[in-house]
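Engineer: Residue numbers (the working numbering): 38 to 184.
I have a structure here, written as structure tokens, and I will follow up with some questions on it.
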């Protein structure tokens, strides 16, 4: 499980230092792809394989979860076409491919958050904007759930 918030920098070569806490789990390889809200999703290789199988199962004809339509095909195409296999170097850095850096608007200052089964990489300013909006909704939801 990935938890917490970290603030690594992106270097001039597009390399991001992974939080030390997660390096061992990611050492065997990882997959980086487009995430929602213009962030990047980072999966362990095993986690990505599991997600892929879940997506395949949900889209098999005749399965109760089957959603075989244009939107499903579009999602699969964008998701898998933007996925890159990566291996951290000896210093725990990964190269974020230019198309993904552009998609997420990554600048030097980044935020890496734990999001349960994956990490997300955000531009620091984009994360601050997102968090300001999301925390307000989170706070209101928590209050409603408690009453």
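Think of the CB as a built atom: it goes at the ideal place given N, C-alpha and C, for glycine as much as any other residue.
Predicted model only: the values in this text are computed from it and were never measured.
1. Using 8 Å for Cβ pairs, my map puts residue 168 next to residue 77. What's the rounded Cβ distance?
2. Should residue 158 and residue 141 be called a contact, given that it needs their Cβ atoms to be closer than 8 Å?
3. How far does the alpha helix (DSSP H) with residue 88 in it reach, from first residue to last?
4. In angstroms, rounded to a whole number, what distance separates the CA positions of residue 86 and residue 173?
5. Taking only the alpha-carbon atoms, compute the straight-line gap between residue 42 and residue 161 and give it to the nearest angstrom.
6. Going by DSSP in three states, residue 143 sits in which element: helix, strand or coil?
7. In chain order, what residues of the same chain lie with their CB nearer than 6 Å to the CB of residue 143, ignoring the 5 residues before and after it?
8. To the nearest angstrom, how far is the alpha carbon of residue 154 from that of residue 45?
9. Exposed or buried, residue 130, counting other C-beta atoms within 10 Å across all chains shown (16 or more means buried)?
10. Just verifying my parser: in three-state terms, what is the DSSP assignment at residue 153?
11. When the Cα atoms are used, what is the spatial distance from residue 58 to residue 40?
12. Use the C-beta contact count for residue 178: other C-beta atoms within 10 angstroms, 16 or more gives buried, fewer gives exposed.
13. Throw me the rounded Cβ distance for the residue 133 and residue 51 pair, which I believe falls under 8 Å.
14. Who are the Cβ neighbours of residue 71 in its own chain at under 6 Å, not counting the five residues just before and after it?
15. What would DSSP say about residue 119, mapped onto helix, strand or coil?
Structural biologist: In short:
1. Not really, about 16 Å apart at Cβ, beyond 8 Å.
2. yes
3. 82-95
4. 34 Å
5. If I take the Cα positions, the gap works out to 11 Å.
6. coil
7. Closer than 6 Å at Cβ, skipping near neighbours: 47, 160.
8. About 20 Å.
9. It counts as buried.
10. In this structure, residue 153 counts as strand in the three-state DSSP scheme.
11. 10 Å
12. So residue 178 ends up on the exposed side.
13. 5 Å
14. Within the same chain, Cβ atoms closer than 6 Å to the Cβ of residue 71 are found at 119, 140, the five residues on either side in sequence being excluded.
15. coil
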